[in-house]
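Quick note, the sequences are listed as chains H and B, same order. Numbering-wise, the working numbering puts 193 at position 193 of the first sequence, and it's gapless, one number per residue. Take any residue in the second sequence, note its place counting from 1, add 205, and you have its number in the working numbering. For each residue, glycine too, the CB sits at the ideal point set by N, CA and C. This one's a predicted model, so the numbers in the text were calculated from it and none came from an experiment.
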Amino acid sequence: MLRGDLEGDDLERYVEERVVTTKLKDLQNWARSNSIFPLTFGLACCAIEAPISIVTARYDLARFGAEALRASPRQADLIILSGRVSIKMAPVVRRLYDQMLEPKWVMAMGACSSSAGMFANYAVVQGADKFMPVDIYVPGCPPRPEAVLYGFNKLQRKIQGEPDPGWRRRYNAAGTEEWARGGPASTPNPKAAEAYQTAREQLRA
Amino acid sequence: MPDAPGLELIRGEIERDRPGAVLATSFDRDQPALIVDPARVLDVLSWLRDTPGQGYRFLSSLHVADYLPATPRFAVHYELLNRDRVERIRVKAMLGDPLGEALPEIDSCVELFPTANFQEREAYDFFGIVFHGHPDLSRILMPDDYVGWPQRRDFPVGGEPVTFTYNEDARG
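Structure, rendered in structure tokens:
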């Protein structure tokens, strides 16, 4: 459009139709909700439905911008607890969660990770929310891939609304990332620092 | 699969070579089993493995059962297989419960059958059976700091009561 093509009310309407104003925070949340990187992670039989089925062409998680499954918790935003968490696995799952960088979300998928399902016994944690904050629960045994996608959409909605239930703090799960040198939860490792210095000096020489 | 007379023949031969090792036999649902003295279980297993004409060289499974009201309470089952003739025989060693903190004990057969290594660890993990001579008898499936022997019949099942519609009034 060239200058002078539209005047007065026509110009006003033109701008109204084409320009959206928002807050930077909302824009950020909108971007976050549409670029979630799930962790490549399976616990039990639900893993067939969640990280495997929903990325296939039939269900196609890429429609929601989450087709990039990351193999490292440090690159992932979302951990899908796909199956029962045994009491031996619970510390490992919590460690994975702690290693993920903010912002991060958790989906408890299926009856087992939500409430232990049929495994009311000595070996299984009775719901993953016993030891880590869970953002969304998807019922089913196992849930259909459509149900997982619906839960995923709900999670996107939640991210855009940015509710803060205070769970992270209650579970002592904020600022737990371990970095190689000096993350919030890292303990200084003199040996690693020394090795780093030595390597630097050798490179320089 | 040895039939009932065949099982008695095997028992007779063991009685000749290793007197007193076999206490009884059982032939239930076409499955032959030798019930042996727990102190001499290795005698019987090595005899079945090494005697020409027997050749049960494959330990297809080692597991424990808890027959709680009965005494002796525990049974260690060794499922042996002859892979040439595809014949199976079961060896059972019945172990009493020593009560209190003490654990039932039996000799380890890892020297005879290396596959027994993990299976004996599993039996120890779930039933608290101590296998003497095992190279590394530690928990294998449960966490190392777990307390108790969860597959014993007198062990609580665990879990949490769940509110359903039929009991929500009672549970609130």
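Between residue i and the rest of its own chain, which residues show a CB-CB distance below 8 Å, the 5 nearest in sequence each way excluded?
i       : result
F169(B) : An answer regarding residue 169(B) cannot be provided, because it is not within the stretch 206 to 377 covered by chain B.
N153(H) : F64
Starting from the C-beta of residue i, find all residues in its chain whose C-beta is less than 7 Å away, skip the five residues before and the five after it, and write them out in chain order.
i       : result
G53(H)  : According to the sequence provided, residue 53(H) is Ser. The question's Gly does not apply to it. Contacts found: Y59, P145.
P103(H) : R32, D77
L250(B) : Y283, V296, C314, L317
E213(B) : T230
P207(B) : I215, P237, E292, I294
R169(H) : none
I219(B) : A226, V227, V249, W252
P191(H) : Note that residue 191(H) is Lys in the sequence shown here, rather than Pro. So the list is empty, once near-sequence residues are dropped.
Which residues does DSSP pair with residue i in a beta bridge?
i       : result
A123(H) : None; A123(H) has no bridge partner.
I240(B) : A229(B), K297(B)
P38(H)  : L78(H)
R70(H)  : L39(H)
F279(B) : D271(B), L300(B)
L96(H)  : None; L96(H) has no bridge partner.
A108(H) : L81(H), Y137(H)
F336(B) : I311(B)
E284(B) : S266(B), R295(B)
S115(H) : According to DSSP, which records beta bridges pairwise, S115(H) is partnered with nothing at all.
S86(H)  : V124(H)
What is the C-beta distance between residue i and residue j, in whole angstroms, given that I count them as a contact (C-beta under 8 Å)?
i       : j       : result
A238(B) : K297(B) : 5 Å
G301(B) : R278(B) : 6 Å
G258(B) : N287(B) : Incorrect: roughly 10 Å between the Cβ atoms, too far for contact.
V269(B) : F332(B) : 5 Å
Y329(B) : L342(B) : 5 Å
V138(H) : G151(H) : 4 Å
M132(H) : Y171(H) : 6 Å
T422(B) : L264(B) : Outside the displayed span of chain B (206 to 377) sits residue 422(B), for which this structure offers no information.
D312(B) : L267(B) : At roughly 12 Å, the Cβ-Cβ gap does not stay under 8 Å, so D312(B) and L267(B) are not in contact.
L228(B) : D242(B) : 6 Å
M89(H)  : L43(H)  : 7 Å
V125(H) : V85(H)  : 5 Å
L209(H) : Y14(H)  : Outside the displayed range of chain H (1 to 205) lies residue 209(H), so it cannot be described from this structure.
I87(H)  : P348(B) : 6 Å
A123(H) : P366(B) : Contact flag wrong, Cβ pair sits at about 18 Å.
Got a sec? Which residues, its chain only, sit under 6 Å from residue i by beta carbon, not counting five neighbours each side?
i       : result
R50(H)  : For clarity, residue 50(H) is Ala in the given sequence; the question names Arg instead. If we look at A50(H) and ignore the five residues flanking it on each side, its Cβ neighbours are I80, S82, M109, V148.
S35(H)  : G65
C46(H)  : S82, G83, M109, G110, P142
A280(B) : A270, K297, M299
N29(H)  : I159, Q160, E162
A173(H) : P133
D129(H) : none
R154(B) : Residue 154(B) falls outside the range modelled here, since chain B spans only 206 to 377, and no answer is possible.
Comparing the C-beta of residue i with each C-beta of chain A, is any distance below 7 Å?
i       : result
A307(B) : Chain labels in this structure do not include chain A; the protein chains are H and B.
Is residue i near the ligand MG, with its Cβ less than 6 Å from a heavy atom?
i       : result
D359(B) : Although the ligand MG was asked about, the structure shown includes no ligands whatsoever.
- Query: When you check each C-beta in the segment 98-126 of chain H against every C-beta of chain B, which residues fall closer than 9 Å?
  - Reply: S115, A116, F119, A120, N121, Y122, A123, V124, Q126
- Query: Any chance the segment 91-107 of chain H sits against the segment 63-71 of chain H, with 3 or more Cβ pairs inside 8 Å?
  - Reply: no
- Query: Does the segment 143-157 of chain H come close enough to the segment 113-126 of chain H that 3 or more CB-CB pairs lie under 8 Å?
  - Reply: no
- Message: With three or more C-beta pairs closer than 8 Å as the rule, is the segment 74-82 of chain H touching the segment 38-49 of chain H?
- Response: yes
- Can you give me, in chain order, the residues of the segment 63-91 of chain H that have a beta carbon less than 8 Å from any beta carbon in chain B? I87, K88
- Message: So if I threshold CB-CB distances at 9 Å, which residues from the segment 313-340 of chain B count as touching chain H?
- Response: none
- Message: Using a Cβ-Cβ cutoff of 7 Å, what residues of the segment 346-358 of chain B are near chain H? List them in chain order.
- Response: M347, P348, P355
- Item | At least three beta-carbon pairs within less than 8 Å, the segment 357-368 of chain B to the segment 264-273 of chain B | yes
- Message: Closer than 8 Å between beta carbons: that is the criterion. Which residues of the segment 247-279 of chain B meet it against chain H?
- Response: none
- Taking a cut of 8 Å between CB atoms, which residues from the segment 358-373 of chain B lie near chain H? F360, P361, V362, G363, G364, E365, V367
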